[in-house]
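Q: Mind having a look at this structure? Questions to follow.
Below is the structure:
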């Protein structure tokens, strides 16, 4: 058979198959192909050449395109799929191909392309080509993390056959999309799935929802982390009748829950997390939503409406709700009895709110419940084992009360029907001994029993159970016992142990739990020296170590080389002595180092010039001496060297720490002037500091003096911008540049030798709340601009050489304590008893009124002088000449005298 015959037969075969397909479509039936595949049609040459041009436009490694060789692009080219009937390319998947360079316009030569995936490549922040909008047969388009940039072209609105559009930039390494408006979306009439993540929509029109509302076939709408700032409360009409999945999380709505949700009655899942939703949850928004299975409103500002929401969902004859998450809001509400009618509920997350009242007994009807989290609220009353006796599916239980008014009254012989993997009980009254029923929970992976007032020795079954735990928290109780007996943990999964704030005692053994990542033994009664080889483990994974608030003595161990993962170290408030090992300071990942309130001496961390990851260092209340170390580090946020013997001048290197926002060097022996470069410390020009990292399980505490009193700062430490240089021997003037620190909260320069004037423009420190300049040698007046700082609530200017009248405007009306100004003999006015003399100008005054008055006096004196001269000339002239003109005898005698 000749090649011509073969081609003719192939053509006939294709024609017959096409007719069969057409006939089937016309009859509305389905063709079944039995036992043999359809004949694979070869690649269309024009489309193969287009693919080669597309490949040539990329400059990166071939990756999956290395298979693009040969003539038949349909059978072996990775990412290419063709029609079995026509041979035209219908699908092009270039995802995760490590491509860089340009996207060739030859893509438009693939006339029959319906599926295009360009995700996870690197188009180097170039604009999305407008020609994509001409590929009208596309039904699927994915450009997620393709690292295009700029504005998304409106031409995408021409893709009227598009069913799925994905623009997901969440977690991408660089570049970003911007969308100034979304009106083009309304043209995508066939769209069923729209996904936009981490795309900047801050400039999008307020009509974005109206545009989306024009899509009658839309089933899934995801617009998250897009900085949307407007969420309409109502719509003229709701066209989203097919919508089943809605996710608008991580935006900036700052608005109420919209009531139009109830008109999208097909909704199965609603997720609006951390988007600033506020106010009460409106009952109207959830009427007629009996298909709803998921409501996630985590991390908003909702303050009421929980009871109405539960009642509304329970009114459905067969409520479908399975997951209800309103945790981390501000709900001031109660749990209604109707909660027990949500019989399909399997997850209930209401933790971290302000819920009050009793926990309804009807929760025992929620037999499908797997997770119950009602901790960190203000619930009260008694919760009995009957509440939980029917919850056989329960695997996660979180119960707690922030005001410790909830009592757990479980029978001593109660045997629960469930087997938990997560148990959290905090702030509840559960009795003096360990709950026996916990021993039956053989699947536990995480156990927390904190702030429950249990006492006595930890039972042995707890330590047996810990062999399978990865989290154990028994903190803030009255437990005691000898620690070496408790450290015999055989399991290798335990990662976090918190036994802080108890009465444990004894000496510390060598740390044997090599998989331990976090260990807190703070505020107990451990004594003796820290074993020299306690942390000498090559396989250690320890990240956080807190031994503070004990009675440990001796030196800090020197063997730290093996602790490569250590990030947090707190040995504060012990009796440690000696020098700080340089091996500790040189840990690369070290982020938080707290050694305060000990008897350590020497020059700490002197070998370190740059901290790569350090954020906070607290060496206060020790015996350290020498010059202030010249540390550098772009991440340093807090430095506290309070109460030591450091001497010398303040190093200019402090000015180059870009994120420093807490600097406490009070009560040392520092001398010299305050460097003018202090005005360039950029950390004090930022409104907030992001201090806590993702791996910080404990509050980072630091004792600081603010507004005249010492207090521990923890959760609000990131918001504090403080400079405390009090109790030193600094001299010179307050640099004018310090007024550039626009977000400075607290400034304390008391107890030094600083002289000169208070900067006149100190009123630029608009966020200043506490200012202490007492016990110095400052002179001049109190700047009037100081009265413009409306946040100022603590002021001390006592024992200086200030003079003039005390301002009486704005905030100064509240500073009515005479001790604020005592020790300044030249000051006058309220609240001091010595009043100012209105007729006696202040010789030291340099304000505008004094200058103006002096200038006025000078002008008047000059005018009087010239007036006297002119008047004297006139009087003298006419007294002589006028008399001579009138009396002839006097005139003749005068002329004879002159010899005329």
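Numbering (my numbering), first residue to last: -1 to 898.
C-beta: ideal position from N, C-alpha, C; glycine also.
1. Pick out the complete beta strand (DSSP E) segments inside the region 327 to 405, 3 residues or longer, and give them in chain order.
2. Report the rounded CA-to-CA distance for residue 747 versus residue 771, giving the unit in angstroms.
3. Name the residue from 496, 780, 462 and 305 whose alpha carbon lies nearest to the alpha carbon of residue 470.
4. Whole angstroms is fine: what's the gap from residue 782's alpha carbon to residue 826's?
5. Based on DSSP bridge pairs, tell me the residues matched to residue 590.
6. Would you kindly work out how many angstroms separate the C-alpha atoms of residue 911 and residue 170, rounded to a whole number?
7. Taking its Cβ as the centre, do 16 or more other Cβ atoms sit within 10 Å of residue 709, making it buried, or is it exposed?
8. Can you check whether the CB of residue 769 is closer than 9 Å to the CB of residue 810?
9. Alpha carbon to alpha carbon, how far is residue 70 from residue 40?
10. Using a Cβ-Cβ cut-off of 9 Å, state whether residue 375 counts as contacting chain D.
11. Just reading off the beta strand (DSSP E) that residue 90 is part of, what are its end residues?
12. Under 8 Å from any heavy atom of the ligand ATP, does the C-beta of residue 44 make it?
13. Give me the Cβ distance between residue 448 and residue 424, rounded to the nearest whole Å; I'm assuming they're in contact under 8 Å.
14. Closest to residue 918 by CA distance: which of 78, 55, 245 and 219 is it?
15. Less than 9 Å separating the beta-carbons of residue 145 and residue 133?
16. Less than 6 Å between C-beta atoms, sequence neighbours within five positions excluded: which residues of the same chain meet that for residue 642?
17. Residue range of the alpha helix (DSSP H) that residue 45 falls in?
18. What number of angstroms, rounded off, separates the C-alpha of residue 165 from the C-alpha of residue 127?
19. Per DSSP, which residues does residue 480 bridge with? Please list them.
20. If you count every other CB in all the chains shown that lies within 10 Å of the CB of residue 823, and 16 or more means buried, which is it?
21. In terms of alpha-carbon separation, which member of 505, 459, 522 and 493 lies closest to residue 477?
22. Just mark residue 711 as buried or exposed, buried being the case when its beta carbon has 16 or more other beta carbons within 10 Å.
23. Using only CA atoms, which one of 305, 255, 649 and 143 lies nearest to residue 358?
24. Mark residue 43 as exposed unless 16 or more other C-beta atoms lie within 10 angstroms of its C-beta, in which case mark it buried.
25. DSSP puts residue 794 in a beta bridge; with which residues?
26. With burial defined as no fewer than 16 other Cβ atoms inside 10 Å of the residue's Cβ, what is the status of residue 542: buried or exposed?
27. Given a threshold of 16 other Cβ atoms within 10 Å of its Cβ, counted over all protein chains shown, does residue 900 qualify as buried or as exposed?
28. Among 177, 229, 232 and 612, which has the Cα closest to the Cα of residue 582?
29. Would you mind sorting residue 724 into buried or exposed? The rule is 16 or more other CB atoms within 10 Å of its CB.
30. Along the alpha helix (DSSP H) that carries residue 458, what are the first and last residues, could you check?
31. Per DSSP, what kind of secondary structure is residue 601 in: helix, strand or coil?
32. Using three-state DSSP, classify residue 660 as helix, strand or coil.
33. How about residue 765 and residue 738: do their beta carbons lie closer than 9 Å?
34. Let's test the definition: count the other Cβ atoms within 10 Å of the Cβ of residue 248 and tell me whether it reaches 16, buried, or not, exposed.
35. Where does residue 900 fall in DSSP's three states?
36. Does residue 260 come out as helix, strand or coil in the three-state DSSP assignment?
A: Looking at the coordinates:
1. 345 to 347, 369 to 371, 379 to 382 and 394 to 398
2. 5 Å
3. 496
4. 14 Å
5. 566 and 614
6. This structure gives no information on residue 911, because the portion of the chain shown stretches from -1 to 898.
7. exposed
8. no
9. 6 Å
10. The chain labelled as chain D is not found in the depicted structure, where only one protein chain is given.
11. 87 to 91
12. As presented, the structure is devoid of all ligands, the ligand ATP included, so that no description of it is given.
13. 5 Å
14. This structure leaves residue 918 out entirely; the chain is present only between -1 and 898.
15. no
16. 620, 622 and 666
17. 43 to 54
18. 15 Å
19. 503
20. exposed
21. 522
22. buried
23. 305
24. exposed
25. 770
26. buried
27. The first residue shown for the chain is -1 and the last is 898, placing residue 900 beyond what the model contains.
28. 612
29. buried
30. 458 to 463
31. coil
32. strand
33. no
34. buried
35. A query on residue 900 cannot be resolved here, the shown segment of the chain reaching from -1 to 898 and no further.
36. helix
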